[in-house]
Every structure is written in C-alpha cells, then in structure tokens.
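> Just so we're aligned, residue 8 is where the sequence shown starts under my numbering, counting upward by one.
A virtual CB, placed ideally from N, CA and C, is assigned to each residue, including glycine.
All figures in this text were calculated on a predicted structure; none of them were measured in a lab.
This structure is in structure tokens; I'll ask about it shortly.
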Amino acid sequence: MEHDPHDPDGDTEAVPGVHLAQLATGEEMSVQHFTIEPGATVPSHSHHHEQAGYITAGALTFLLADGEEVVCEAGDSYVLAGEEVHGAENRGDEVVEGVDIFSPPRPNPDWQE
C-alpha cells in the first residue's frame, strides 16, 4: 500500500483560479483534488481518460460540446466518457471543491502536458 498525505503547498494552478492536486496514481487510475474559484473557467477540452467525479462544495456548471449545460452541486457525482468535449465554470460565489478519478491515470491535464 502507498500512503501520500495531501500537501496543499504542492497544488498546481492549471489555469487562473483552478487548482489541482494529484492525490494518488496507480497503474489503472488516478485521483485528483480540485478547487475552482468563483468566476474561474476550465477551458473546453477532451482527453482519452474516463473521468468520474464528486463535488464536495459549491456548484460547478459543465459546458458540453452540444451546448448543453449541467450544474453539479455539493453531493452530486458525474461521469464523462473518454473523448467527451467539456469545460466548466464556477458561476457561484463560493469555491467549488471536489475529487476526480481518471482511468487510465491522468498525471497532468492536457494544458499542462
């Protein structure tokens, strides 16, 4: 077993107001913590990884390729298929916080590679 305590000082600001932290990376999946400040936007992108997530605080609006918008609030979970184009915005007044699981592992987002 590997144990890796989260050190917030090691978080990466992927884009302005969007902070990511790799929590664990295995051979077939990875776990990432994220915070998204009010007004911050995750740019539209896709990746081959399947992505499952859970919102622990705030409300995040996902922007899908077909123009659909899906709001996930604290306590909601979601799944994005590999290659599904998506972005996200924090349109609220509080920080959005959550956890994503990627399979296969995703050590860095596309805009960091």
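Could you give the distance in angstroms between the alpha-carbon of A88 and the alpha-carbon of G60?
12 Å
> If you reduce the DSSP assignment to three classes, tell me which class G24 lands in.
coil
> Could you have a look at P124 and say whether DSSP puts it in helix, strand or coil?
Residue coverage of the chain in this structure runs from 8 to 120, which leaves residue 124 outside it and unanswerable.
> Hey, out of P12, A31, F69, whose CA is closest to P111's CA?
A31
> Taking 8 Å as the threshold, find out whether the region 56–74 comes into contact with the region 86–106 through three or more Cβ pairs.
yes
> Mark V49 as exposed unless 16 or more other C-beta atoms lie within 10 angstroms of its C-beta, in which case mark it buried.
buried
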